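Visitor: In UniProt numbering, the protein residues as written are 1 to 746.
For every residue, glycine included, the Cβ atom is placed at its ideal position computed from N, Cα and C.
Owing to the predicted nature of the structure, the values given are computational and were not obtained by experimental measurement.
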Ligand SMILES: Nc1nc2c(c(=O)[nH]1)N[C@H]1C(S)=C(S)[C@@H](COP(=O)(O)OP(=O)(O)OC[C@H]3O[C@@H](n4cnc5c(=O)[nH]c(N)nc54)[C@H](O)[C@@H]3O)O[C@H]1N2
Ligand SMILES: Nc1nc2c(c(=O)[nH]1)N[C@H]1C(S)=C(S)[C@@H](COP(=O)(O)OP(=O)(O)OC[C@H]3O[C@@H](n4cnc5c(=O)[nH]c(N)nc54)[C@H](O)[C@@H]3O)O[C@H]1N2
Ligand code: SF4
Ligand SMILES: [Mo]
């Protein structure tokens with residue numbers, strides 16, 4: 001049988017690796033290697049990318065839409081599936097109003113090209129305030145911080161990994177995760193390179209992770225206390241005269257003195273007990289950060305999914321500003337994505353424009369916290385959620401108190417899921433609309449290229465054509481947007497409407513490469529063989545590297561990216577661009593937003609709170625896993641069970657449990673039983689269970705995952721605790737009690 005080679009970006013994690021696929025005559029992927037000609041990933045691939053063929057060819061992947069029939073799901077045709085969605089959503093909206101339909105958008109939507117292109121249109125068409133995404137189980141604190149500091153929630157500074165001399169990394173484990181909010185293929189190699197050029201890598205984590213082992217220094221920290229540590233670092237910089245804000249930056253920054261006053265008293269000595277870090281270590285860490293030529297502070301999920309998520313993420317960038325490293329080479333910089341125009345006018349950032357019905361939690365970025373989704377489904381009254389649309393999400397396993405959400409979903413009047421699998425969440429759906437295989441899907445990282453540590457772009461057309469009658473994910477989502485709008489329009493017309501709308505704005509915008517031109521003329525120039533390609537072409541041509549519809553004949557177009565750069569294009573190292581980014585009302589960095597200053601009172605109140613009895617729970621990731629949905633790939637679940645309860649050997653001894661023994665873990669929210677894995681890599685008093693497990697539920701179709709079920713850690717995480725400024729879920733620092741089976745809890 002013959003074979004051929006094709007190229008595409010790996011859609012699985014944020015590292016954006018280029019892949020070289022081998023396909024047989026039938027279009028099945030028979031081999032995967034790193035694409036050596038990709039200028040960013042240069043051939044790097046991890047075990048997940050290397051098994052993309054198995055995921056692509058997974059026999060449990062749904063071949064067509066499903067309709068629920070009692071407890072079972074049966075295949076149906078696409079027209080029946082869409083007609084059912086139209087009818088049932090229509091009924092719910094007619095009976096209860098627009099807010100009765102909720103949307104939950106999950107993580108893979110940030111990796112697909114379709115998700116970012118149509119998510120907004122679906123939400124707008126539904127007209128609901130009940131919008132939920134995985135962002136409030138992840139990085140929302142960073143958006144809130146950037147929104148207040150820089151005016152744009154998406155203006156996230158990333159560590160300039162390839163040029164920094166000093167990296168202080170908190171709550172991130174890129175050797176397992178391959179990095180997040182810092183897209184960097186071969187993140188491990190880039191860390192090693194920092195050390196090889198004489199720089200220093202410091203990791204702050206309650207566990208001695210593989211990343212901590214690679215680093216020059218690992219500092220254990222008590223979960224949820226990063227904001228104390230970061231404040232103490234700020235305190236030392238000010239008290240020892242180590243701040244180094246260049247004049248141009250100082251002139252563009254409000255609130256430096258306010259930050260200084262807030263840090264007063266939060267000395268290393270004062271926070272040593274709460275953080276579990278010796279004061280001299282904190283002092284030295286601050287001095288080394290200040291002394292480094294080019295340094296970056298980088299915090300990730302461990303700093304977000306905790307009680308002081310927003311304060312921690314804010315203080316990370318406060319340190320980048322105070323050390324003069326914001327927006328400078330080797331520091332923390334703002335990537336410039338090829339498809340994001342630099343001339344956008346944005347509205348000033350604000351949160352709390354509306355509140356959630358049951359708990360009164362503020363809207364953030366147009367959404368409510370996923371931690372209150374179950375409240376809104378279960379609590380009677382006007383505005384109660386009666387129907388749910390999920391797109392690429394598995395909140396039964398990923399949301400706090402997933403057990404409660406699982407029960408709540410069963411009580412909905414209607415649910416539709418866009419998802420390739422019948423899993424713990426989608427088993428509740430009345431209609432499942434599966435997107436096709438990755439090999440049949442085009443790829444461009446609309447959501448992630450704005451976080452890449454080098455400016456870079458890559459577009460991958462589908463490598464295998466779709467069978468007749470099968471819609472790709474863009475078509476499914478466009479169709480849902482049209483259904484949600486209540487109109488009977490042609491979905492393709494939606495894209496042309498969106499293109500026309502953007503062009504109309506672009507020609508009216510000062511600084512735009514097409515300012516003053518005729519939008520209809522530009523519309524004629526848009527190219528591409530599918531609506532997705534046409535929308536990308538428009539975005540790239542209006543972007544900072546684009547051809548500006550002829551303004552720069554050498555500039556990028558989608559056709560050029562696709563045809564001349566099939567392995568991607570390197571657009572150079574990150575560039576200083578604060579002027580392009582800043583869009584606060586003052587036009588300056590607001591380093592001390594009043595809302596954050598107020599939350600510092602809560603932080604101070606915690607300083608003298610008694611240490612919790614019992615244990616605190618944190619999460620972790622494993623290289624061969626990816627949230628909840630790669631456990632159906634045999635190669636990735638082979639070998640020893642990774643869904644274990646890690647605990648310190650001294651704690652294990654006290655409990656009387658050994659490796660492999662079952663341990664009961666209980667919290668306010670629920671209880672589970674996990675298998676003990678004593679290890680001195682974790683702090684005493686802290687235990688860790690990875691998320692995304694707990695398969696084998698009735699009504700699912702994931703045969704391999706069912707045989708490697710694991711436990712759902714989110715049965716014990718607590719939906720009632722959120723970071724108040726962002727509404728983000730708290731997965732780290734959850735108080736739990738442990739007991740050996742048949743014994744008393746401690
Ligand atoms: N292999 C794999 N890769 C993935 C994923 C996956 O599931 N598996 N998921 C993807 C997703 S969705 C994301 S968001 C990214 C996340 O990427 P990362 O942020 O790198 O995530 P983790 O590997 O979980 O690392 C978080 C670290 O924070 C530590 N931690 C826990 N609590 C605290 C705390 O209070 N303070 C500090 N300082 N540290 C703490 C944990 O011990 C852990 O080592 O990974 C992505 N990549
Ligand atoms: N305890 C604890 N809980 C956590 C975390 C933690 O660290 N600890 N991490 C949190 C984080 S960072 C995140 S991002 C969330 C993730 O939360 P979710 O996004 O809710 O969960 P995933 O497991 O990523 O769900 C992915 C779903 O998308 C489907 N899918 C896969 N590919 C596609 C596709 O191409 N299109 C569509 N439409 N669907 C697709 C999969 O079948 C699966 O159902 O979990 C959070 N939950
Ligand atoms: S590191 Fe991420 S992007 Fe690269 S091959 Fe692995 S899963 Fe894919
Ligand atoms: Mo995430």
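Report yes if the CB atom of residue 706 is closer than 8 Å to the CB atom of residue 669, and no otherwise.
Guide: Cβ distance not < 8 Å, so residue 706 and residue 669 don't count as in contact.
Visitor: Heavy atom of ligand 1 less than 7 Å from the Cβ of residue 176, yes or no?
Guide: For ligand 1, at least one heavy atom lies less than 7 Å from the Cβ of residue 176.
Visitor: With DSSP run on the structure shown, which of helix, strand or coil describes residue 355?
Guide: Note: residue 355 maps to strand in three-state DSSP.
Visitor: Contact between the segment 679-690 and the segment 398-414 is defined here as three or more beta-carbon pairs at a separation below 8 Å; is this criterion met?
Guide: At 8 Å Cβ cutoff, the stretches do not touch.
Visitor: DSSP three-state call for residue 277: helix, strand or coil?
Guide: DSSP places residue 277 in coil when its eight states are reduced to three.
Visitor: Based on Cα-Cα distance, which residue from 438, 445, 485, 355 lies nearest to residue 473?
Guide: The residue with the shortest Cα to Cα distance from residue 473 is 438.
Visitor: Heavy atom of ligand 3 less than 7 Å from the Cβ of residue 49, yes or no?
Guide: Indeed, a heavy atom of ligand 3 lies less than 7 Å from the Cβ.
Visitor: Which first and last residues belong to the beta strand (DSSP E) in which residue 662 is found?
Guide: Note, residue 662: beta strand (DSSP E), 662-666.
Visitor: Distance check for residue 525 and residue 516, CA to CA, integer angstroms please.
Guide: If you take the alpha carbons of residue 516 and residue 525, they lie about 16 Å apart.
Visitor: How many angstroms separate the CA atom of residue 118 from the CA atom of residue 444?
Guide: Residue 118 and residue 444: Cα-Cα distance of roughly 14 Å.
Visitor: Name the residue from 508, 465, 537 whose alpha carbon lies nearest to the alpha carbon of residue 496.
Guide: Among 508, 465, 537, the Cα nearest to that of residue 496 belongs to 537.
Visitor: What does residue 475 pair with, by DSSP beta-bridge criteria?
Guide: None, per the DSSP bridge assignment.
Visitor: Answer with buried or exposed for residue 532, where buried requires no fewer than 16 other C-beta atoms within 10 angstroms of its C-beta.
Guide: The residue is buried, with at least 16 neighbouring Cβ atoms inside 10 Å.
Visitor: Evaluate the contact criterion for the segment 393-411 versus the segment 162-171: three or more CB pairs, one atom per stretch, below 8 Å.
Guide: Not touching, per the Cβ criterion.
Visitor: If we count the other Cβ atoms within 10 Å of its Cβ and call it buried at 16 or more, is residue 566 buried or exposed?
Guide: Buried is the call here.
Visitor: Within the segment 72-158, note down every full beta strand (DSSP E) run reaching 3 residues or more, in order along the chain.
Guide: Complete beta strand (DSSP E) runs here, min 3: 72-75, 101-105, 131-133.
Visitor: Would you decide whether residue 720 is buried or exposed? Buried here means 16 or more other CB atoms lie within 10 Å of its CB.
Guide: It is exposed - the Cβ of residue 720 has fewer than 16 other Cβ atoms within 10 Å.
Visitor: Could you tell me which uninterrupted alpha helix (DSSP H) segments, each at least 4 residues in length, are contained entirely in the segment 479-517, listed from first to last along the chain?
Guide: 491-508, all fully within the segment 479-517.
Visitor: Short of 6 Å in beta carbon distance, which residues of its chain neighbour residue 108, apart from the five on each side in sequence? Order them along the chain.
Guide: Excluding residues within five positions, the ones whose Cβ falls inside 6 Å are 392.
Visitor: According to the neighbour-count rule (16 or more other Cβ atoms, all chains shown, within 10 Å of its Cβ), is residue 676 buried or exposed?
Guide: Answer is buried; the Cβ neighbour count reaches 16.
Visitor: What residue range is occupied by the uninterrupted alpha helix (DSSP H) comprising residue 334?
Guide: Element bounds for residue 334: n/a, residue is neither H nor E.
Visitor: Determine the direct distance from the alpha carbon of residue 591 to that of residue 601, and round the result to whole angstroms.
Guide: Straight-line Cα distance between these residues: approximately 17 Å.
Visitor: Give the DSSP-derived three-state secondary structure of residue 757 in the structure shown.
Guide: This structure leaves residue 757 out entirely; the chain is present only between 1 and 746.
Visitor: Going by alpha carbons, who is nearest to residue 60 out of 358, 631, 648?
Guide: Residue 60 has its Cα closest to that of 631, out of 358, 631, 648.
Visitor: Return the first residue and the last residue of the beta strand (DSSP E) that residue 264 is part of.
Guide: It is not in any beta strand (DSSP E) - residue 264 carries neither H nor E in the DSSP assignment.
Visitor: Could you check whether the Cβ of residue 172 sits closer than 7 Å to any heavy atom belonging to ligand 1?
Guide: Checking the Cβ of residue 172 against ligand 1 gives yes.
Visitor: So residue 123 and residue 103 are supposed to be a Cβ contact under 8 Å. How far apart are they, rounded?
Guide: Yes, residue 123 and residue 103 are in contact; Cβ-Cβ is about 6 Å, under 8 Å.
Visitor: Which of the three DSSP states, helix, strand or coil, is assigned to residue 33?
Guide: Here residue 33 sits in strand by DSSP.
Visitor: Going residue by residue through the segment 676-732, where are the continuous beta strand (DSSP E) segments of at least 3 residues, counting only ones entirely within it?
Guide: DSSP runs (the beta strand (DSSP E)) wholly in the segment 676-732: 686-688.
Visitor: Cβ of residue 306 within 7 Å of any heavy atom in ligand 1?
Guide: At least one heavy atom of ligand 1 is nearer than 7 Å to the Cβ of residue 306, so yes.
Visitor: Among 556, 589, 201, whose alpha-carbon lies nearest the alpha-carbon of residue 251?
Guide: Of 556, 589, 201, the residue nearest in Cα terms is 589.
Visitor: For residue 95, count neighbouring C-beta atoms within 10 Å of its own C-beta (all shown protein chains included) and say buried if the count is 16 or more, exposed if not.
Guide: Exposed.
Visitor: Does the structure place the segment 543-556 close enough to the segment 329-344 that three or more beta carbon pairs sit under 8 Å?
Guide: They touch, by the three-pair rule.
Visitor: So does residue 138 have its beta carbon nearer than 7 Å to some heavy atom of ligand 5?
Guide: For ligand 5, the structure offers nothing, since it holds only ligand 1, ligand 2, ligand 3 and ligand 4.
Visitor: Got a sec: does ligand 1 put a non-hydrogen atom nearer than 7 Å to the Cβ of residue 205?
Guide: Residue 205: yes, Cβ under 7 Å from ligand 1.
Visitor: Cutting at 7 Å between CB atoms, please list the residues of its own chain near residue 86, excluding the five before and the five after it.
Guide: Excluding residues within five positions, the ones whose Cβ falls inside 7 Å are 483.
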